[in-house]
Amino acid sequence: MVFPPLREELQGLEPYGAPQVSLERAPVQLNTNENPYGPSPACADDVAASVRAAATTLNRYPDREHVELRAALAAYLSRDTEPTRGFAIDPAQVWAANGSNEVMLQLLQAFGGPGRRALSFAPTYSMYPEYARDTATEWVQGRREDDFTLDLDAARALVLEQQPTVVLLPSPNNPTGTALAPEAVGVLCEAAASYEPGGLVVIDEAYGEFRRAGTPSALELLPEHRNLVVTRTMSKAFALAGARLGYLAADPAICDAIRVVRLPYHLSAVTQAVALAALRHAPELLGKVDDLRAERDRTVASLRAKGLTVADSDANFVLFGRFADRHATWEQLLERGVLVRETGPEGWLRVSVGTPEEMMAFDAALDEVLAHEPPQSPLTEEASTR
């Protein structure tokens, strides 16, 4: 007899998670795409006061509809839509949960399930197939091009062939940092709306605030596509990874459907208080985004100057390679006190963008490693210059 009686498809699997290494062993930790700049003292004071006020009400359940928080998130998102498209996001279009991971899981609980499919294009976020697995949703995976962009004709054809009820597409993509072409959202939304019962197209903008100038947010297309869902998180640009707050914007009917599967009172009063305080300090919390963009672009240029192949990035991380033995390279960087992420296609590593001092330490460590292990020659001339 096998104990405990775990579902057969889960037996032998390891839980998701990036390797955790002590600060003593790796003082420079650049592996989980965190914002290296913590909340300001003023924000921390507001958070502390807000949590103190919430603590006096903890004998009561929190607002299960998180009405005040949804209104504040809608106002924040409207900064991306009002200047360019002239419309505001309504609070009825917003839903929040404990990180964008729970938002995604709720979407699969509501719109996936037995007899239904979810679809994405690899390489992409490694949790997506796990959301599908955990909700007994069939997982279908297409492929990206060699430069990690999406062939829209092939993507549209796969959607029409497989008829998924959920299409998951990050923009920027994790782990590559690649943003979707602006026309991709409309093409895939129209394809997913063309069959019965139809499918949702979920554009995961966890790193959306870091996109380069001229790269639009999918939020701008919400009025045109009822089946479009745009997800965001406060973990990255807001420097609030420890608070666990993710959210989405979509047609109100989609938000209503998620209510059916959400756990009762899923957002604690403390979480809501912390998120509201952070939103009150949005300008200062987001003030480091431009610095991180500049450091990212400097990192891309530096890595290419070392002869490495580097994916264009609209995120706060950079995918680089190619290494004959990436694990050995990862270990050699760790020996020098720098922790990066061993993820993505074979031969590649991903580095989160840290402070200038952290990135200098990364550069120095990588130079030492490359002196003993030069990178592989790029597969094509094009690959070496992207």
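In case it helps, UniProt numbering puts the sequence shown at residues 1 to 386. Think of the CB as a built atom: it goes at the ideal place given N, C-alpha and C, for glycine as much as any other residue. From a predicted model like this one, the values you see are computed outputs, not experimental measurements.
Assuming contact is defined by CB atoms lying nearer than 7 Å, are Ala72 and Leu279 in contact in what I supplied?
On the sequence shown, position 72 is the one that residue 72 refers to. On the sequence shown, position 279 is the one that residue 279 refers to. Cβ atoms of Ala72 and Leu279: closer than 7 Å.
Mind listing, in chain order, the continuous beta strand (DSSP E) runs of no fewer than 3 residues lying wholly within the region 305–381?
317–321 and 348–352
Could you name each continuous alpha helix (DSSP H) segment of 4 residues or more that falls completely within the region 163–217, going from the start of the chain to the end?
Taken in chain order, the unbroken stretches of alpha helix (DSSP H) that lie wholly in the region 163–217 and span 4 residues or more are 182–192.
In whole angstroms, give me the CA-to-CA distance for Val201 and Gly115.
Walking along the sequence shown from the start, residue 201 turns up at place 201. Walking along the sequence shown from the start, residue 115 turns up at place 115. Cα-Cα distance, rounded: 18 Å.
Decide if the region 143–151 is in contact with the region 93–109; the criterion is three or more beta carbon pairs, one per stretch, under 8 Å apart.
The region 143–151 makes no contact with the region 93–109, as fewer than three CB pairs between them are under 8 Å.
Near the ligand FAD: Val2 beta-carbon under 6 Å from a heavy atom
Ligands are entirely absent from the displayed structure, and the ligand FAD is therefore not among its contents.
Distance between Tyr61 and Tyr265 (C-alpha atoms, nearest Å)
Counted from its first residue, the sequence shown places residue 265 at position 265. Counted from its first residue, the sequence shown places residue 61 at position 61. Tyr265 and Tyr61: Cα-Cα distance of roughly 7 Å.
Assigned secondary structure, His248 (DSSP; H/G/I helix, E/B strand, else coil)
Translated into positions along the sequence shown, residue 248 becomes position 248. Correcting the residue identity first, residue 248 is Leu in this sequence and not His. In the structure shown, Leu248 sits in a strand (DSSP, three-state: E or B).
Within this structure, are the beta carbons of Asp314 and Ala179 separated by less than 7 Å?
Within the sequence shown, the letter at position 314 stands for residue 314. Within the sequence shown, the letter at position 179 stands for residue 179. Closer than 7 Å, so yes.
When the Cβ atoms of the region 185–204 are set against those of the region 161–173, are three or more pairs found closer than 8 Å?
yes
Tell me whether Thr309 is buried or exposed, calling it buried when 16 or more other Cβ atoms sit within 10 Å of its Cβ.
Taking the first residue of the sequence shown as 1, we reach residue 309 at position 309. Thr309 comes out buried.
Look at the alpha carbon of Thr231 and the alpha carbon of His372, and state the distance between them as a whole number of angstroms.
Taking the first residue of the sequence shown as position 1, residue 231 is located at position 231. Taking the first residue of the sequence shown as position 1, residue 372 is located at position 372. If I take the Cα positions, the gap works out to 42 Å.
Using CA coordinates, which residue listed in Val340, Thr271, Pro345 and Leu349 is at the minimum distance from His66?
One-based indexing of the sequence shown puts residue 66 at position 66. It is Thr271.
Would you identify the three-state DSSP class for Ala383, choosing helix, strand or coil?
As a first step, residue 383 must be located in the sequence shown, where it is residue number 383. Summary for Ala383: the model assigns pLDDT 38, below 50, so the residue's position carries little reliability; its value from the coordinates is reported in the next sentence. In the structure shown, Ala383 sits in a helix (DSSP, three-state: H, G or I).
Taking all protein chains shown into account, do 16 or more other C-beta atoms lie within 10 angstroms of the C-beta of Pro375, making it buried, or fewer, making it exposed?
Translated into the one-based positions of the sequence shown, residue 375 becomes position 375. Pro375 should be labelled buried.
Where do the N-terminal and C-terminal ends of the beta strand (DSSP E) with Leu119 fall, by residue?
What you label residue 119 is simply residue 119 of the sequence shown in a count that begins at 1. Taken as a continuous stretch (DSSP letters only), the beta strand (DSSP E) holding Leu119 covers Arg117 to Ala122.
Could you tell me the distance, in whole angstroms, from the CA atom of Met104 to the CA atom of Asn173?
Counting from one through the sequence shown, the residue named residue 104 turns up at place 104. Counting from one through the sequence shown, the residue named residue 173 turns up at place 173. Distance between the alpha carbons of Met104 and Asn173 is about 15 Å.
To the nearest angstrom, how far is it from the Cα of residue 408 to the Cα of His327?
Residue 408 lies beyond the stretch modelled for the chain, which goes from 1 to 386, so this question has no answer here.
Across which residues does DSSP place Gln20 in a beta bridge pair?
Along the sequence shown, one-based indexing puts residue 20 at 20. Among the bridge pairs identified by DSSP, Gln20 is matched with none.
Rounded to the nearest angstrom, what separates Glu224 and Gly307 at their Cα positions?
The residue labelled residue 224 in the question sits at position 224 within the sequence shown. The residue labelled residue 307 in the question sits at position 307 within the sequence shown. Taking the straight line joining both Cα atoms gives about 44 Å.
When Glu24, Asp153 and Ala26 are compared against Val187, the one with the closest alpha-carbon:
Residue 187 sits at position 187 when you count from the first residue of the sequence shown. Checked all of Glu24, Asp153 and Ala26; the closest Cα to Val187 is Asp153.
Please list the terminal residues of the continuous alpha helix (DSSP H) segment that includes Arg52.
Within the sequence shown, residue 52 is the residue found at index 52, counting from 1. Segment Pro41 to Ala55, the alpha helix (DSSP H) holding Arg52.
Looking at Ala136: is its Cβ nearer than 7 Å to the Cβ of Ala118?
Here residue 136 refers to the residue found at position 136 when the sequence shown is read from its first residue. Here residue 118 refers to the residue found at position 118 when the sequence shown is read from its first residue. The criterion of a C-beta distance shorter than 7 Å is not satisfied by Ala136 and Ala118.
Can Ala365 and Val340 be called in contact, C-beta distance under 7 Å?
Taking the sequence shown and counting its residues from 1, the one referred to as residue 365 is at position 365. Taking the sequence shown and counting its residues from 1, the one referred to as residue 340 is at position 340. Their beta carbons are not under 7 Å apart, which means Ala365 does not touch Val340 by this criterion.
Exposure label - Asn35; buried when at least 16 CB within 10 Å
Numbered from 1 along the sequence shown, position 35 holds the residue referred to as residue 35. By the beta-carbon neighbour count (other beta carbons within 10 angstroms, threshold 16), Asn35 is buried.
Check whether the Cβ atoms of Tyr37 and Ala239 lie closer than 7 Å to each other.
Start at 1 with the first residue of the sequence shown, and residue 37 comes out as number 37. Start at 1 with the first residue of the sequence shown, and residue 239 comes out as number 239. Cβ distance < 7 Å, so Tyr37 and Ala239 count as in contact.
Would you please state the rounded distance, in angstroms, between the beta carbons of Phe210 and Ala237? I believe it to be under 8 Å.
Residue mapping note: residue 210 aligns to position 210 of the sequence shown, counting from 1. Residue mapping note: residue 237 aligns to position 237 of the sequence shown, counting from 1. Indeed they touch by this definition, with Cβ atoms about 7 Å apart.
Taking the alpha carbon of Gln29 as the reference point, which residue from Glu368, Asp367, Val369 and Met360 has its own alpha carbon closest?
Within the sequence shown, the letter at position 29 stands for residue 29. Measuring from the Cα of Gln29, the nearest candidate turns out to be Met360.
For Pro143, which beta-bridge partners are listed by DSSP?
To locate residue 143, count along the sequence shown from 1; it is residue 143. The displayed chain sequence assigns Arg, not Pro, to residue 143. In DSSP, Arg143 forms a bridge with Ala122.
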